[in-house]
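Residues in the sequence shown are numbered consecutively from 1, following the UniProt record's numbering. All residues carry an ideal CB built from backbone N, CA and C; glycine is no exception. Notes for the one structure printed next.
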Amino acid sequence: MDWASLPNPSHLPAGDLGNPLDGLPSEEPGDIDQVPSFRYLPLQTQTREIRILYLRGSHGENNTPAGTLRHESLDSKPQYLALSYVWGDQKETLPIFVDGHRFLVGLNLYSALEHLQQRAGTHDLFVALWIDAICINQVDNTEKSSQVQMMGEIYSSSQFTLSWLGPEADDSNLAIRALDYIGEQCVEHPDGPALQERCELFTRILPESDTDEWNARFPVEAVVALLNRPYWRRIWIVQEVILPPTVFVVCGELITTFGALAVGATALLELPILDSTLGGPLTSRIRPLIPVYKCDPKLIQAAFHHGATGKKLPLASRLQNITQMGATNPLDHVFGLMGLASDLDELGIQADYSLAPLELFTRVTAALLKQGSRQFLSRCSAGRNNGPSWTVDFSRDRSGEPAPIWNYRYKLYRAGGSTVFQRALSVEGNILRVSGAVVDTIEALGPLPLQAPDPIGSYLASLEEFAHSACPGYGSLDRLTDAIHRLPFLDMEVALFRKTGRYNKRLGQDSATRYFAGLRESTERLEIALPHVSVHAAAITAIVNHQTFSTVEGRLGIGPVDTKPGDLVCVFHGCEVPFVVRPTPDSTVTSTGKWLWKKQELHCTLVGESYVYGIMDGEGLNSGVKTDFHIH
Numbered sequence: 001m002d003w004a005s006l007p008n009p010s011h012l013p014a015g016d017l018g019n020p021l022d023g024l025p026s027e028e029p030g031d032i033d034q035v036p037s038f039r040y041l042p043l044q045t046q047t048r049e050i051r052i053l054y055l056r057g058s059h060g061e062n063n064t065p066a067g068t069l070r071h072e073s074l075d076s077k078p079q080y081l082a083l084s085y086v087w088g089d090q091k092e093t094l095p096i097f098v099d100g101h102r103f104l105v106g107l108n109l110y111s112a113l114e115h116l117q118q119r120a121g122t123h124d125l126f127v128a129l130w131i132d133a134i135c136i137n138q139v140d141n142t143e144k145s146s147q148v149q150m151m152g153e154i155y156s157s158s159q160f161t162l163s164w165l166g167p168e169a170d171d172s173n174l175a176i177r178a179l180d181y182i183g184e185q186c187v188e189h190p191d192g193p194a195l196q197e198r199c200e201l202f203t204r205i206l207p208e209s210d211t212d213e214w215n216a217r218f219p220v221e222a223v224v225a226l227l228n229r230p231y232w233r234r235i236w237i238v239q240e241v242i243l244p245p246t247v248f249v250v251c252g253e254l255i256t257t258f259g260a261l262a263v264g265a266t267a268l269l270e271l272p273i274l275d276s277t278l279g280g281p282l283t284s285r286i287r288p289l290i291p292v293y294k295c296d297p298k299l300i301q302a303a304f305h306h307g308a309t310g311k312k313l314p315l316a317s318r319l320q321n322i323t324q325m326g327a328t329n330p331l332d333h334v335f336g337l338m339g340l341a342s343d344l345d346e347l348g349i350q351a352d353y354s355l356a357p358l359e360l361f362t363r364v365t366a367a368l369l370k371q372g373s374r375q376f377l378s379r380c381s382a383g384r385n386n387g388p389s390w391t392v393d394f395s396r397d398r399s400g401e402p403a404p405i406w407n408y409r410y411k412l413y414r415a416g417g418s419t420v421f422q423r424a425l426s427v428e429g430n431i432l433r434v435s436g437a438v439v440d441t442i443e444a445l446g447p448l449p450l451q452a453p454d455p456i457g458s459y460l461a462s463l464e465e466f467a468h469s470a471c472p473g474y475g476s477l478d479r480l481t482d483a484i485h486r487l488p489f490l491d492m493e494v495a496l497f498r499k500t501g502r503y504n505k506r507l508g509q510d511s512a513t514r515y516f517a518g519l520r521e522s523t524e525r526l527e528i529a530l531p532h533v534s535v536h537a538a539a540i541t542a543i544v545n546h547q548t549f550s551t552v553e554g555r556l557g558i559g560p561v562d563t564k565p566g567d568l569v570c571v572f573h574g575c576e577v578p579f580v581v582r583p584t585p586d587s588t589v590t591s592t593g594k595w596l597w598k599k600q601e602l603h604c605t606l607v608g609e610s611y612v613y614g615i616m617d618g619e620g621l622n623s624g625v626k627t628d629f630h631i632h
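As structure tokens, this is what we get:
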């Protein structure tokens, strides 16, 4: 495959973006250093006004971007393009003209405006744009709150969106041509029913890893540089690429569709899974691509997970799946997704920039739990946000933290039985009340949590030794062995590619024994292991930065890294996994380590979710002490 000779993608209709418009100034701007600063006029909220920037085309020797702002009602269905971009460091700015006045913008936006004024055409043509940094008065929190509430409609009503990745750099043209080509090819080979066809495609276009042909080598460095651009990791940009009818990606002078580029990048990132599913036919070809697999373009992952353009889903789904993205203001980790949510009225959540982050996060968590989105308890950790232990800090950087045990997309466990969660929950002030049962008490901690670059095999050997000495509660050696074999994988098999779609499932007996034996003898460290990447990834998901433990009743489990002896293992009605809680100091304990409750009420803090062999299918509700939990 000669990657260097691929043609440039051409998806945007030919011709200038600019149009002649009556009533807009046509005179040349003055000296940018001699004009006063721009001042906003207020928007009329009752008529749902927004501002639209009419950017002028190139205008002679003075090519400082220049335009005029007009107020338009969204109800009048104005015609405009939306610009999607990364703000960048706002300490470095350059001036542009807005209505003949000086207006400061960040360097990345300035470069985008320079590009767009060239595409607008001559100085008597204008391109109508909606740009958040210009069209919203960013220092007016009242206006900003009102406009953010409308932002989903602003993007979905645009003619199309231009995603500005930035100027050409690091062979970005080569990277875009390669990803666009792969994306166009893979659209014809879906990853469910056409696995073999997709495998044949990559066999054809990827060389063996030892090739010396320069033009056959895949442009790894260029693709890595492109996928590591900040654009792919900003929270606001998610709705900017999901809601519009069409999104064109612009990088330097190249333009392609977001869909083609995203399909190409996703196909590359999932090659190890495809290779593992089919038994390793691509291993030698994809080994040179390991730097690509270390990229994390979360925007592409978020867009693909949520499917069709313009589709709205419950806020719970958005917050559960769109994580680890960047935002300057912590509030934007919620507000930046509101335009994608279908149930804001039901939840009673509105954009309000006067709120403190903790106040917003507590309100949102309470609303989601009352709605029945109980999986958010799996994202809570005591002492992390100086608020209630059940409050989710949606702004927290979770890199390095373990992946959730409870994945709501796959119904793998039923520790809390089939009871209805909403009926067993209430929020009173900062206390969450939920019913369930206390099942056991944590007695001892196992091996220190696995950290990169620890060898997996030696960790599993330590786990075996700990379990045999501390977990006599399973009644037979066979059951204890089964518990040990399933724990490193959370009793879960990662099976991303199947003809019927993508899914995870509980481990079969043979699979648990085989996978454990393979990793038990492994000297592999925590890095990509080919071709058994799915098994390896499942083990890493389970045991990295999780703490193993034994209980008073002799059970084996794994939970939060800050789990302590004396913590309680409990199940909440309607929750799929057990949780670890820590009783408040006024609780009492017997000499056997079992807790006593007055009126079957327990005041505690939430430590986090857990996996405990033997209680993942409702057994704990029958054997435990029925309890009303007051979680602080």
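Might you give, ordered along the chain, the residues of its own chain that have their beta carbon closer than 6 Å to the beta carbon of residue i, omitting 5 neighbours on each side?
i, result
"threonine 309", "For threonine 309, the predicted structure reports a pLDDT of 49, less than 50, and the residue's modelled location is therefore unreliable. The matter cannot be settled from this model."
"threonine 605", "Ala382, Ser389, Arg582, His632"
"glutamate 270", "none"
How about residue i and residue j: are their beta carbons less than 9 Å apart?
i, j, result
"residue 633", "arginine 582", "A question about residue 633 goes unanswered here, because the residues of the chain that appear run from 1 up to 632."
"leucine 129", "glycine 67", "yes"
"glycine 264", "cysteine 186", "yes"
"proline 9", "isoleucine 255", "yes"
"glycine 348", "arginine 234", "no"
"glycine 559", "glutamate 609", "yes"
"valine 552", "glutamate 619", "no"
"serine 487", "leucine 463", "Correcting the residue type first, residue 487 is leucine in the shown sequence and not serine. Result yes, Cβ atoms of leucine 487 and leucine 463 sit closer than 9 Å."
"valine 223", "alanine 178", "yes"
"proline 449", "glutamine 375", "no"
"leucine 116", "leucine 55", "yes"
"valine 544", "alanine 437", "no"
"glycine 387", "asparagine 329", "no"
"valine 434", "leucine 425", "yes"
Report the option in the options whose CA atom is closest to the CA atom of residue i.
i, options, result
"lysine 411", "Val577, Gly620, Leu113, Thr161", "Val577"
"arginine 506", "Ala517, His485, Gly518, Leu519", "His485"
"glutamine 350", "Val148, Leu299, Ala483, Ala327", "Val148"
"histidine 333", "Gly436, Val392, Gly417", "Val392"
"proline 219", "Asp397, Ile286, Ser157, Asp617", "Ile286"
"isoleucine 134", "Met616, Glu401, Ile50, Asp586", "Ile50"
"arginine 70", "Gln509, Leu43, Leu480, Thr93", "Leu43"
"leucine 602", "Lys626, Asn622, Gln46, Leu621", "Lys626"
"arginine 229", "Ala356, Leu94, Asn108, Ile456", "Asn108"
"arginine 48", "Leu41, Ser76, Thr203, Gln34", "Ser76"
"glycine 624", "Gly336, Ile136, Gly416", "Gly416"
With respect to the beta strand (DSSP E) encompassing residue i, which residues constitute its N-terminal and C-terminal limits?
i, result
"isoleucine 349", "Counting along the chain, isoleucine 349 falls outside any beta strand (DSSP E), and DSSP gives it neither H nor E."
"leucine 448", "Leucine 448 -> no beta strand (DSSP E), and no H or E assigned at all."
"alanine 222", "Here alanine 222 belongs to no beta strand (DSSP E); instead the alpha helix (DSSP H) covers 220-227."
"glycine 557", "556-559"
"arginine 51", "49-56"
Alpha carbon to alpha carbon, what distance is there between residue j and residue i?
i, j, result
"threonine 592", "leucine 278", "In this prediction, threonine 592 scores a pLDDT of 41, lower than 50, which makes its location untrustworthy; the coordinate-derived value is nonetheless stated afterwards. Going by the C-alpha atoms only, they are around 52 Å apart."
"valine 273", "lysine 294", "Before going on, a small fix: residue 273 reads as isoleucine here, not valine. Distance between the alpha carbons of isoleucine 273 and lysine 294 is about 14 Å."
"tyrosine 613", "glutamate 184", "46 Å"
"tryptophan 390", "alanine 316", "16 Å"
"leucine 268", "valine 86", "24 Å"
"threonine 590", "aspartate 562", "Because threonine 590 carries a pLDDT of 46, less than 50, the predicted location of this residue cannot be relied on, and the following value inherits that uncertainty. Cα to Cα, the separation comes out at about 23 Å."
"alanine 4", "glutamate 346", "53 Å"
"leucine 445", "serine 458", "17 Å"
"arginine 525", "leucine 226", "Bear in mind that a pLDDT of 47 at arginine 525, under 50, signals an unreliable position, so the number given afterwards is only what the model happens to contain. Rounded to whole angstroms, arginine 525 to leucine 226 spans 28 Å at the Cα level."
"glutamate 527", "glutamate 221", "Its pLDDT being 46, under 50, glutamate 527 is placed unreliably by the model, and nothing is read from it."
"residue 636", "arginine 363", "As shown, the chain starts at 1 and ends at 632. That puts residue 636 outside it, with no answer to give."
Within the continuous alpha helix (DSSP H) that includes residue i, where are the two ends?
i, result
"aspartate 628", "Taken as a continuous stretch (DSSP letters only), aspartate 628 belongs to no alpha helix (DSSP H), being part of the beta strand (DSSP E) at 625-631."
"tryptophan 236", "235-242"
"histidine 333", "332-335"
"valine 263", "258-269"
"arginine 70", "No alpha helix (DSSP H) holds arginine 70; the beta strand (DSSP E) holding it covers 66-73."
"histidine 485", "477-486"
"threonine 563", "Looking at the DSSP string, threonine 563 is not in any alpha helix (DSSP H), and its letter there is neither H nor E."
"serine 76", "Unbroken run through serine 76: none, as it is neither H nor E."
"alanine 341", "It is not in any alpha helix (DSSP H) - alanine 341 carries neither H nor E in the DSSP assignment."
Cutting at 8 Å between CB atoms, please list the residues of its own chain near residue i, excluding the five before and the five after it.
i, result
"leucine 299", "Tyr231, Trp232, Arg233, Arg234, Ile237, Val238, Val241, Met325"
"leucine 81", "Leu17, Val127, Ala128, Leu129, Trp130, Ser158, Gln159, Phe160, Thr161, Leu162"
Leaving out five residues before and five after residue i in sequence, what residues of the same chain have Cβ atoms less than 7 Å from its Cβ?
i, result
"glutamine 118", "Ser58"
"aspartate 343", "Pro314, Leu315"
"proline 531", "Here the model assigns proline 531 a pLDDT of 42, short of 50, so the residue's position is not dependable, and the following value carries that caveat. Cβ neighbours of proline 531 beyond the five flanking positions: Asp275, Ser276, Gly280, Thr283."
"lysine 91", "none"
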